[in-house]
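Notes to accompany the following structure.
Protein chains: 2
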Amino acid sequence: MSLRREPPLRRLKGPALREYAPTFAALGDETRLHLVAAMCVGGTMSITQLTAGTAITRQAVTRHLQILADAGLVRDVKLGRERLWALEPTRLEQARHSLDMIAQQWDHALMRLKATLEQ
Amino acid sequence: MSLRREPPLRRLKGPALREYAPTFAALGDETRLHLVAAMCVGGTMSITQLTAGTAITRQAVTRHLQILADAGLVRDVKLGRERLWALEPTRLEQARHSLDMIAQQWDHALMRLKATLEQ
DNA sequence: CCAATATGCAACAAGGAGGTTGCATATGAA
DNA sequence: TTCATATGCAACCTCCTTGTTGCATATTGG
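Going line by line, the protein sequences match chains Z and B.
If you use this note's numbering, the first sequence corresponds to residues 1 to 119, in order.
If you use this note's numbering, the second sequence corresponds to residues 1001 to 1119, in order.
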């Protein structure tokens, strides 16, 4: 069995695949998915508003929002004494595209395998 | 400011959005993304082969593969003394679709906002 | 001005995630 | 058979994540 090194999968137009780990990790939490969904439906929302839809404290929600922001998935604006949060669909789109690339690469590999077998 | 409860975002055809949390969490790790990429390029690979592309032990790779399997992202077959792993693109496609739904919902919300403002 | 509201910040605890080592077991090859 | 290879399993350690509580600060409204 040949332990050949696999090439680093360089067909993504944007960042390398590994760099999406923080993005997917940010989406990999029920509470944060709920927050994303809430902003999706409710548009721009304050921390207190977002907390109302959960069973955890406002401080915990703040930290979830910060994680989403670090991943580039949401954006915040201070307005008076409030801090309003909204979705940032660009990174979401990039993540979606990265999954596309994986699936495409996989299909391509399958076709190559088929061609090899038919040879 | 009205603390209205947001509705639970029920426009996904498959599982509810929250149920994708384990899937995204599985993708939210550099090592596992690397494994996915390796299988993507290399097709069906054994644990030892997959370990060769990382800096961690075989046992750690095994656990990462188990996490990916629990998320439905990979599938394994025993063959002799080897255990071969391969990508399972179906769940990947579902995850991609869920991101699509979020983006679409968001765009829809933006249009509604625009319509409200122009009223 | 004063009280209520909205948020920020920090310390702390519990649990899970990710990694290692050590050893047992199964299978292939010589 | 006998040795090397491929994998399974479990104990253990460390650090990060997620949540809490308590208190400080800033803004708004009456």
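Just so it is clear, CB atoms sit at the ideal spot from N, CA and C, and this is done for glycine as well.
> So, helix, strand or coil for residue 83 of chain Z, using DSSP?
Replying inline: strand
> Interface residues of chain Z around residue 1118 of chain B at Cβ under 9 Å?
Replying inline: Simply none; closest approach about 16 Å.
>> Given this structure, state the Cα-to-Cα distance separating residue 121 of chain Z from residue 47 of chain Z, to the nearest angstrom.
In response: Past the edges of chain Z, shown from 1 to 119, lies residue 121 of chain Z, and the structure says nothing about it.
>> Taking only three categories from DSSP, how would you classify residue 1044 of chain B?
In response: In the three-state scheme derived from DSSP, where H, G and I count as helix and E and B as strand, residue 1044 of chain B is classed as coil.
> Which first and last residues belong to the alpha helix (DSSP H) in which residue 56 of chain Z is found?
Replying inline: Careful: residue 56 of chain Z lies outside any alpha helix (DSSP H) and carries neither H nor E.
>> For residue 34 of chain Z and residue 96 of chain Z, I'd like the C-alpha separation in whole angstroms.
In response: Taking the straight line from one Cα to the other gives about 18 Å.
> How many whole angstroms separate the CB atoms of residue 1086 of chain B and residue 1051 of chain B, which I take to be in contact at a CB cut-off of 8 Å?
Replying inline: Going by Cβ atoms, the distance from residue 1086 of chain B to residue 1051 of chain B rounds to 16 Å, so no, they are not a contact pair.
>> Could you check whether residue 1093 of chain B and residue 1074 of chain B sit closer than 7 Å to each other, using their CB atoms as the reference points?
In response: no
> Between the region 79-113 of chain Z and chain B, which residues of the former have a C-beta closer than 7 Å to a C-beta of the latter?
Replying inline: Residues 87, 89, 92, 93, 95, 96, 99, 100, 102, 103, 105, 106, 109 and 113.
> Per DSSP, residue 114 of chain Z forms a beta bridge with which residues?
Replying inline: Answer by DSSP bridge pairing: none, since residue 114 of chain Z is not bridged.
> Taking 7 Å as the CB-CB cut-off, is residue 75 of chain Z touching chain B?
Replying inline: No, its Cβ sits nowhere closer than 7 Å to a Cβ of chain B.
> When the cut-off is 7 Å and only beta carbons count, does residue 71 of chain Z lie next to chain B?
Replying inline: no
> Would a check of beta-carbon distances place residue 18 of chain Z closer than 7 Å to chain B?
Replying inline: yes
> So what's residue 1029 of chain B in DSSP terms, helix, strand or just coil?
Replying inline: Of the three classes helix, strand and coil, the one that applies to residue 1029 of chain B here is coil, per DSSP.
> Which chain B residues sit within Cβ distance under 7 Å of residue 55 of chain Z?
Replying inline: Neighbours of residue 55 of chain Z on chain B: none; closest Cβ ~13 Å, over 7 Å.
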